[in-house]
Amino acid sequence: MQEKIKNWIKETLKVEEDVTLIHPKDMGNGDFTLVSLPENIEEHLQKLNQNKLPEIDKIEKVDRFINFYLSKKFFSGSIEEILNNRNFAENRTLQNKKIMVEYTDPNPFKPFHIGHLMTNAIGESIARILESSGASVSRANYQGDIGLHVAKAIWGLQKRGLPNPDFSTAEKANYIGECYSLGAGEYGPIHLGDEEKESPAKKEIDEINKKIYDKTDAKINKIYDWGFKVTMEAFEDLYRILGTKFDFYFLESEVAQIGENIVRDNIGKIFKESDGAIIFKGEEYDPKLHTRVFITSTGLPTYETKELGLAEEKFRMNPNMNLSIVVTANEQLDYMRVVAKALSLIHTEYTDKMKHITHGMMRLAGGKMSSRKGNVVTGESLIRDTIALVSEKVKDRDWDEEKKKKISEQIGVSAIKYSILKQSTGGDITYDFEKSISFEGDSGPYLQYSYVRANSVIEKAAKENILPDPHPESAPTEIFEIEKMLYRFPEIVLRSASEYEPHYIANYLIELARAFNGFYGNTLIVDKKDKTSPYKIALTFAFSFVMKKGLRLLGIEAPEKM
RNA sequence: GCCCUCGUAGUUCAAUGGAUAGAACAGUUCCGUCCUAAGGAAUAGAUGUAAGUUCGAUUCUUGCCGAGGGCACCA
9 MQEKIKNWIK ETLKVEEDVT LIHPKDMGNG DFTLVSLPEN IEEHLQKLNQ
59 NKLPEIDKIE KVDRFINFYL SKKFFSGSIE EILNNRNFAE NRTLQNKKIM
109 VEYTDPNPFK PFHIGHLMTN AIGESIARIL ESSGASVSRA NYQGDIGLHV
159 AKAIWGLQKR GLPNPDFSTA EKANYIGECY SLGAGEYGPI HLGDEEKESP
209 AKKEIDEINK KIYDKTDAKI NKIYDWGFKV TMEAFEDLYR ILGTKFDFYF
259 LESEVAQIGE NIVRDNIGKI FKESDGAIIF KGEEYDPKLH TRVFITSTGL
309 PTYETKELGL AEEKFRMNPN MNLSIVVTAN EQLDYMRVVA KALSLIHTEY
359 TDKMKHITHG MMRLAGGKMS SRKGNVVTGE SLIRDTIALV SEKVKDRDWD
409 EEKKKKISEQ IGVSAIKYSI LKQSTGGDIT YDFEKSISFE GDSGPYLQYS
459 YVRANSVIEK AAKENILPDP HPESAPTEIF EIEKMLYRFP EIVLRSASEY
509 EPHYIANYLI ELARAFNGFY GNTLIVDKKD KTSPYKIALT FAFSFVMKKG
559 LRLLGIEAPE KM
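When we follow my numbering, the leftmost residue of the first sequence carries the number 9, and every step to the right adds one.
This is how it looks when you write it as structure tokens:
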């Protein structure tokens, strides 16, 4: 609609350059506003009025703004479109584009952290938003299956012994996480007064680390295989609850050699030797970049090198890929720029096909983290605790156990995901545990609740045999705020996709829910005596459809009951 | 020291260079037999600072102040 009005304005006024057409902040100022310079404004107004589009009811001038009011007919038409078009709000801007999104990236043998939870929520939502623009999206997960962290966990497992076989997968994974913490704590130097001494555990852990690489110790191999399987299974359980299904799993051990070959093939051209290490001098290409080590003086490939191997592997596995997106925390921003520069020198054809999206840290309000005591708040425990608290709230509902479990998961996950996605990616967020479980106001459960309310209205209408009717003849003359918002959904989705920003959708949905709840509170929707009831029910249908679709784009499920 | 990100109500967050800077939580008031009150209505409260560009700046540029992250053998 925005494009249509823009084109009409350009044609009518015979201007070539783009015009500024926006939604006014205050709906009392119409549905669209043309911002123009003071000269000729009267003349423009006259021309526009003479050549008025059928969808436009009224045009008026306030200061230098020309405001357009859409007609009731347009709104009822948009409601009709929402009801008839299952693909409403989808677009084809990325049709035939192959995009890979890498996100989550937890490490086997380590806990699923809050950071992984954030990356997952953002990555999944971006994947879905791109899909709704017609892209063919594959989801990728990259995991560190080798390295010191694994050795620390195995050292801890040897010290404490394997967990009780009756433990659930999640409990076993937590146990492994504790063993990792034990190993990590013992690895550091011991302080004796002012003296610093290497801990005896360091030597043992380094020894284990070597054996993990060369696979010569049968006992360690066995623990490794068991631990790898347990943590990966535990991650899968979380992905199921979170609503993610990955198409590709990349492992550090698989891409390390590929990356090393790339680096060694380009020594002298792109990479240089320095103090025995192989480095890339980023600042020679761009003052904003810096030098990074790709292969250490002991001959081991670093993270940067593995990242090169990973990129190459992605393009190999997914030929003709148009875009490779990686979602990580902010702290990787500067490394990734250097890596991206090196990669674009090796493969110029990748230069415009890589995008790095970063997010901030999640801080927990109220001092909930107490790592020393071992009860660290992990992503896994955050999900578990939130769901448990929701379960408590719905325990008296008249549903069977399975339904209670499912709905508690849907609500708990939405509480967490919404608090991550409601604000722009990039900044730190504060997760207030207490607020999230109170479900008040600006929250995922509030959106879900609005959806459930709409559905129960629809159910009631069905029982009373009132059919929805979006045609203007049955519409009340009043134009509801909710009508003025529903038709804008496709614009919001488009913007989210082009900026890779889910929060536009989250903010839109909260305003939409508020508009619907206002409508719901002030209007009797299902009423046999009311001739406009079928229109109001159609409106409710349209709201329910858009809300469900919007929640889906955020990676949040819409429960049938709450 | 250099590079990146960011400073908006008491708090947590919004605002494609446009109108009176939007919400939510906390505060003060109302609305209970009703399509689920996990709700609705009302009320009060903010752009770190100094310049510049512009008809017009929270948004763009620069200085300063403040916060976080990154700057070679960890990932």
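Yeah, the Cβ is synthetic: ideal placement off N, Cα and C, and Gly gets one too.
- Annotated three-state conformation of glutamine 151 is strand, per DSSP.
- Secondary structure note for threonine 239: its alpha helix (DSSP H) is the uninterrupted segment 226–250.
- According to the DSSP assignment, serine 332 belongs to no alpha helix (DSSP H) but to the beta strand (DSSP E) extending over 331–337.
- When the alpha-carbon of serine 207 is set against those of Pro197, Ile415, Asp214, Gly558, the nearest one is in Pro197.
- The three-state secondary structure of aspartate 342, taken from DSSP, is helix.
- At a cut-off of 4 residues, not a single continuous stretch assigned as alpha helix (DSSP H) sits fully inside the stretch 268–321.
- Secondary-structure assignment with DSSP links glutamate 110 through a beta bridge to Ala148, Val334.
- For methionine 555, the enclosing alpha helix (DSSP H) starts and ends at 541–562.
- In this structure, tyrosine 77 sits near glycine 38, with a CB-CB distance shorter than 7 Å.
- Minimum Cα-Cα distance from serine 399 among the listed residues Thr313, Gln418, Phe279 corresponds to Gln418.
- Per DSSP, the continuous alpha helix (DSSP H) segment holding asparagine 57 begins and ends at 49–58.
- When DSSP reads this structure, leucine 372 sits in a beta bridge with Tyr439.
- The beta carbon of lysine 14 is closer than 7 Å to those of Val27, Leu29 in its chain, skipping five residues each way along the sequence.
- Residue environment for glutamate 486: exposed (fewer than 16 other C-beta atoms within 10 angstroms of its C-beta).
- Counting only residues of its own chain and dropping the five nearest sequence neighbours on each side, arginine 522 has no CB closer than 7 Å to any other CB.
- Below 8 Å, enough C-beta pairs join the stretch 471–485 and the stretch 527–537 to call them touching: three or more.
- Within the same chain, Cβ atoms closer than 7 Å to the Cβ of aspartate 283 are found at Ser305, the five residues on either side in sequence being excluded.
- Between the C-alpha atoms of methionine 108 and glycine 169 there is a straight-line separation of about 40 Å.
- Tyrosine 221: not part of any beta strand (DSSP E); member of the alpha helix (DSSP H) spanning 208–222, first to last residue.
- Cα atoms of threonine 310 and lysine 237: separation of roughly 25 Å, rounded to the nearest angstrom.
- For valine 43, the enclosing beta strand (DSSP E) has its first and last residue at 40–43.
- For valine 421, the enclosing alpha helix (DSSP H) starts and ends at 409–429.
- Cβ-Cβ separation between valine 335 and leucine 316: approximately 18 Å, too far for a contact (criterion under 8 Å).
- Annotated three-state conformation of histidine 121 is coil, per DSSP.
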